[in-house]
Structures are given as C-alpha cells and as structure tokens.
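Okay, structure first, notes after.
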C-alpha cells in the first residue's frame, strides 16, 4: 500500500522522519526522532481508506499496547488519525527480530528470551489480553538486548477465562490446536506458541515443517506429537513439550507457572546466576528471581492444578471426534480454505473474526481419541446423498449439525443424532 512520506511528515510535525524500516500491505514503518526530546521512535503508518475494518483494528492495537506497561512489551507513545492516515508512534527497537538472531543464540540465551516473553505474556494476560500471534517475527530486541514482544494486531480482549475463535487467527506454524479448530482460547494458547518458539531456538528447527501445505501443518498441530528434542537436556525438553500438549488442560496453566518451570530447569542445567551471563536483561517478578539462583531438584517439578477455571475442550473438536464416523465416511479429505501468498507459501497471518463467549464453568476434560486423517476409513454408515466426492465438512457451533460440500456442487446438512439422510 503506497503512503506518501510528505503526508506523514505533515501529520507529525514534532518528529523528524528517518529511514524506512519495513513495508507491506498494511502500510509502512519509518524510523523517526522526537525533535525536542531527541527520543528515537518507530512510526507505523496505514492509510485510513485501506481494507475495510483495518483502520479500526489498527487503532485497537494502539489502545491495547498503550494499556500495557511492561519492560518486555514494546511501548506506544502516541496514536493519531490525521489527513487520512492512521499513525502509531512507538518505541524503536534497533536490535532486530528473533527470526534474524535465533541462529546465533546459545541455549542459555534461548531460555532467557523465553523467560522474557513469558513475563510479557503474564503481564498481558493479567490485563485480559491474549496476543494470539507469538512468533519469532514478533519478538524484537532493544539496543541493550532487552527482549520485547510487539505486534498485538491480533490481540483479543477477553472476559473471564476464555474467548472463542470463530475465525482462524494467527500464523500456521505457531497456532495452537484450539485456534485451528475454533475452540476456546485461553492463557495456554499463547504458551503453545511460545513453546514452538523455544523448540525452534533449542532444536534449530520448528517441530513441524512450515514448507508443507497449511492443511498438513494444521493436522500435525491437531494430532501429531512434536518430535523429541534430541540433544536438549531432559529437564528443559519437558518444559517445552508440556507447553506443546494438544489439550490445553495439560499445558502450564499460566505464563507465571511456565516461567517458573523454565527458570528452575535452566538453573539446574546451567548453574546459579546463569541468566546474568546471557547479555539479555531480564525484568522478572520478585517471586521468580530466586529460581535463577537456586536449582530445583530434578524430580521436584509437580504439575500444579490450575487455580483458574479451565475452559472445556474445544466444542468443535469434541464433535469432530464424536462425529468422525459420519465425517470420515463422507469425505476422503478434510481441507480448509485459506489465502496463500503469491509464491504459494503459507500465509504469514490469517485474519480473524472473533466473537466473545460467556465465562465457562469448570468442565471435565477427557482426552479425545486421535483420528488419523492421513488414512481415512469408514467408521460408521456412509452418507450417501451426494453423487460425487465430498471435499469439505464442518460442524455447526452447537455441534448438532454437520455440513458437507461435494464436487456435485451441493451442500447437505445432516443431524449428527440422525445421519440416515440430510435434513430438508
């Protein structure tokens, strides 16, 4: 999207504009400096007449960030809507992204970065904000090496303990199962993405290959355990793999618990005071700091019960499991329609249409049976109304109705409790 720099300069007379830091369909990011204070800044610019709803989301991101004040979260200084431009003036982070620096990080530095992101998430979650797009591109470094979480463009303000993902939101490589199947999101959704980041840093590769078709990547998130963290100390691997559990109830209940487990594991492996040798400043709570000095016995890491009500397993996933007898008999392949980039690669970000949900009460969380999507077989009576191959299936939000779309150019609706024939 083209943005005239002269218009930006007129909208920000108090700033000197510098080099372009980045650009894309959203607009561009410019370096700048406050004329009187001499403070370096980054200016994120978007045209107000851009894609429908984008300007509103842009302003919402600025408000979200302005309400979060933490050393490991990028700071927002100002937001303006001037001359058809939306502008966010924020902290300049010249140290680059974790994507560019991850190959150079040592294992202790990877652990320190993980603690910094966990601290940022703990603060955001305490203010009712889910990030929903934690990834190496959204983790940056300040000039002094401080790790900063940025890009809250997909952040979700939620009430209670969960929010419902009625649309796909996030980056496929880092998306938790509940983001993919439209389940309830919670604190552990962000921790799953942080687990993927730490896996990348420690193993030198992500658990699942991002070059695969996005449908295959999603299936792996939903059904396949991540490969073992070969060469990573067992205590540290346990912390990361717990964050990557498919069932949210099996992960760390919150970012503070994750950080405590990570700090204890790292201290037990690298020794007391290890964090001070990484060159990455850490701003941690008083409760967590002792964990960097006193190692916990290797067998003393019990899983604490979640003090908050845990949302029920995603409703849609429960019905995907319960209704597999009907869905797998009807379709050889379950696909999701997504927008790809011009070169055919997976999209970096999928745009959501979230809706809030009421605060659920405590609900038993049995593990669903695993379905092998790569070898579909008839688990029940086939659905015979279609005259050609069925290519997609989806359940209604209440799980009572299954919709099937086929190559015969028809869509059929089936009652899950009575699949003998489609509804009129």
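In the working numbering, the protein residues as written are 4 to 427.
Yeah, the Cβ is synthetic: ideal placement off N, Cα and C, and Gly gets one too.
Between the options, which lies nearest to residue i when the distance is taken from Cα to Cα?
i           : options            : result
residue 129 : 274, 72, 247       : 72
residue 90  : 97, 141, 13        : 13
residue 6   : 47, 258, 37, 17    : 47
residue 184 : 220, 20, 140, 413  : 220
residue 209 : 138, 262, 154, 180 : 138
residue 110 : 285, 201, 214      : 201
residue 270 : 289, 256, 204, 293 : 293
residue 203 : 19, 67, 295, 114   : 114
residue 144 : 136, 177, 104, 132 : 104
residue 149 : 186, 206, 74       : 74
residue 147 : 256, 250, 282, 192 : 282
residue 195 : 95, 173, 107, 151  : 173
residue 197 : 405, 42, 152, 98   : 152
residue 142 : 155, 190, 132      : 155
Within 10 angstroms of its Cβ, does residue i collect 16 or more other Cβ (buried), or is it exposed?
i           : result
residue 126 : buried
residue 93  : buried
residue 9   : exposed
residue 224 : buried
residue 40  : exposed
residue 237 : exposed
residue 264 : buried
residue 248 : buried
residue 35  : buried
residue 121 : buried
residue 175 : buried
residue 17  : exposed
residue 274 : exposed
residue 290 : exposed
residue 59  : exposed
residue 77  : buried
residue 415 : buried
residue 231 : exposed
residue 22  : exposed
residue 180 : buried
residue 228 : exposed
At what residues does the alpha helix (DSSP H) containing residue i begin and finish?
i           : result
residue 111 : 110–129
residue 240 : 237–246
residue 200 : 190–206
residue 176 : Careful: residue 176 lies outside any alpha helix (DSSP H) and carries neither H nor E.
residue 223 : 217–226
residue 103 : 101–104
List the endpoints of the continuous beta strand (DSSP E) containing residue i.
i           : result
residue 88  : 88–94
residue 143 : 142–144
residue 388 : That residue, residue 388, is in no beta strand (DSSP E); it is neither H nor E in DSSP.
With DSSP run on the structure shown, which of helix, strand or coil describes residue i?
i           : result
residue 14  : helix
residue 272 : helix
residue 283 : coil
residue 150 : strand
residue 51  : coil
residue 43  : strand
residue 23  : strand
residue 31  : strand
residue 85  : strand
residue 319 : Any reading at residue 319 needs caution, since the residue's pLDDT is 40, under 50, leaving its predicted position unreliable; the model's value is listed next. Residue 319 falls in the helix class under three-state DSSP.
residue 295 : helix
residue 290 : coil
residue 233 : coil
residue 253 : helix
residue 61  : helix
residue 211 : coil
Sort out for me which residues DSSP pairs residue i with in a bridge.
i           : result
residue 37  : 18
residue 76  : 152
residue 266 : Paired residues: none, contrary to the question.
residue 66  : Partner(s): none; residue 66 has no beta bridge.
residue 6   : Answer is none; residue 6 lacks a bridge partner.
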